[in-house]
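Enquirer:
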Amino acid sequence: MAWMAPVVTEGIDSPVSEIGQWVATALTWGLAAVVAVWVITVARRERSIWPLCVAVSGTLACLMEPLFDHVYGLWFLEEGQWNLYTTFGSSQPIWVPAAYLTFYGGATVFIARYLQRHPSMRSVWRMYAFIVVMAIAAEMTYVSILGVYTYQDSQPFVVFGYPIFLGFTNAMSALVSGIIVFRVVPLLKGVEYLSLIPIVPMAFAAGLFGTGILYLSVRHGIEDPPMLLVHVAALTVVVGIAGTVALLGKLLVVPLQKLEGPKPGGAHLRQPDHGMV
């Protein structure tokens, strides 16, 4: 019987910062605890499980992190790492699930609720810009200040150790998930809310492996590609994501803005509401 060999990621390892690891673990799980309390509060206030399902969805997306690490060149320093598990040759530290709960689960809930109150393209782009800045700042902190992981090989658009174009891809996952949840939740009830659980992992894959396919093809299909080509390929990721955000905004957000505008006699049209306020 033949066994499939595991995918191996070759990384240049070094000792993880002991202080950085303590700070990363405490900070990430602390933020996750705050987000979890907030999500539970929202669920109780709305008497609906949809925020809990979205939080679970965001947390489960962490299972895709090792594949991202493998294809984009992220390396969690293994020597001295407090390891949770290893897949695709990437050793995951114990704080990764907390980061996904906070950034993908919590942000998706926040975006969905924000768009319900402010359904407009301006809101979409405002949320996207905010999450991009937050993602870039967070990753620069973990890479350059805490020293718990690195981006290896020749990366494009590196600032303080972080390829900043990836901030746009990380933001897309939360934003796209938030837009979909915003439109879908009012149409669901009861056990149907469980169908929200796959949304964040799917959006994560769409952003990182869908819009990123040209960049990944250059990165993994050409030996020692010219850095100019790598930079151009990285820009296709950003452009593809911008197009996706604009498309989803026009399809799923703008129609609600038009429906909920002032009507003759003061009447307003609203989408069905089974739990989101």
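Numbering of the sequence shown is given in this note's numbering, commencing with residue 3 and proceeding in unit increments.
Glycine residues also receive a C-beta, built at the ideal position from the N, C-alpha and C atoms.
Quick caveat, the model's predicted, so the values are computed rather than measured.
1) Apart from the five residues on each side of it in sequence, which residues of its chain come closer than 7 angstroms, Cβ to Cβ, to A101?
2) By Cβ distance, which residues of its chain are closer than 6 angstroms to S146, with the 5 residues on each side in sequence left out?
3) Between F211 and V220, what straight-line distance do the alpha-carbon atoms span, to the nearest angstrom?
4) Assuming F206 and S156 make a contact with CB atoms under 8 angstroms, what is their CB distance in whole Å?
5) Using a Cβ cut-off of 7 angstroms (strictly closer), state whether R185 contacts chain B.
6) For Y106, count neighbouring C-beta atoms within 10 Å of its own C-beta (all shown protein chains included) and say buried if the count is 16 or more, exposed if not.
7) By Cβ distance, which residues of its chain are closer than 7 angstroms to A235, with the 5 residues on each side in sequence left out?
8) Thinking C-beta only, is I199 closer than 7 angstroms to S59?
9) Going by DSSP, which residues form a beta bridge with V160?
10) Check whether the stretch 125-140 touches the stretch 244-257, counting contact only when three or more Cβ pairs, one atom from each stretch, lie closer than 8 angstroms.
11) Under 8 angstroms by Cβ, that's how I've got W97 and T27 pegged, so tell me the actual separation to the nearest angstrom.
12) Note down, in chain order, each residue of its chain lying with its Cβ closer than 7 angstroms to the Cβ of T238, except the 5 sequence neighbours on either side.
13) Starting from W77, trace the beta strand (DSSP E) both ways and give me its first and last residue.
14) Leaving out the 5 sequence neighbours to the left and right, which residues in its chain are closer than 7 angstroms to V183 when beta-carbon positions are compared?
15) Evaluate Y288 with the Cβ neighbour count: other Cβ atoms within 10 Å of its Cβ, from every protein chain shown; 16 or more gives buried, anything less gives exposed.
16) Would you identify the three-state DSSP class for Q94, choosing helix, strand or coil?
17) Using C-beta distances below 7 angstroms, list every residue in its chain close to P99, excluding the 5 sequence neighbours before and after it, in chain order.
18) Could you check the C-alpha separation between E67 and P203 for me, to the nearest Å?
19) Exposed or buried, R185, counting other C-beta atoms within 10 Å across all chains shown (16 or more means buried)?
20) What is the DSSP secondary structure of P17, counted as helix, strand or coil?
21) Less than 7 angstroms between the beta carbons of G22 and G149, yes or no?
22) What do you get for A45, buried or exposed, if any count of 16 or more other CB atoms within 10 angstroms of its CB means buried?
23) Kindly give me the distance between the Cβ atoms of L86 and P95, rounded to whole angstroms, as I take these residues to be in contact under 8 angstroms.
24) Could you give the DSSP three-state label for E141: helix, strand or coil?
25) What residue range does the beta strand (DSSP E) around G87 cover?
Expert: The answer reads as follows:
1) Short of 7 angstroms from the beta carbon of A101, and not among the five residues preceding or following it, lie these beta carbons of its own chain, in chain order: T30.
2) F162 and G163
3) 13 angstroms
4) Wrong, their Cβ atoms sit about 25 angstroms apart, outside the cutoff.
5) The chain labelled as chain B is not found in the depicted structure, where only one protein chain is given.
6) buried
7) L216, Y217 and V220
8) yes
9) P165
10) yes
11) 5 angstroms
12) L216 and Y217
13) L76 to F78
14) V56, T110, A114, L198 and I201
15) Any property of residue 288 remains undetermined from this structure, which presents the chain solely from 3 to 279.
16) In this structure, DSSP gives Q94 an extended state, which the three-state scheme calls strand.
17) T61 and C64
18) Here the alpha carbons of P203 and E67 stand approximately 10 angstroms from one another.
19) Around the CB of R185, 16 or more other CB atoms lie within 10 Å, so the residue is classed as buried.
20) strand
21) yes
22) buried
23) 6 angstroms
24) Here E141 sits in helix by DSSP.
25) First, the amino acid is wrong: residue 87 is Tyr here, not Gly. From DSSP, the beta strand (DSSP E) with Y87 extends over N85 to T89.
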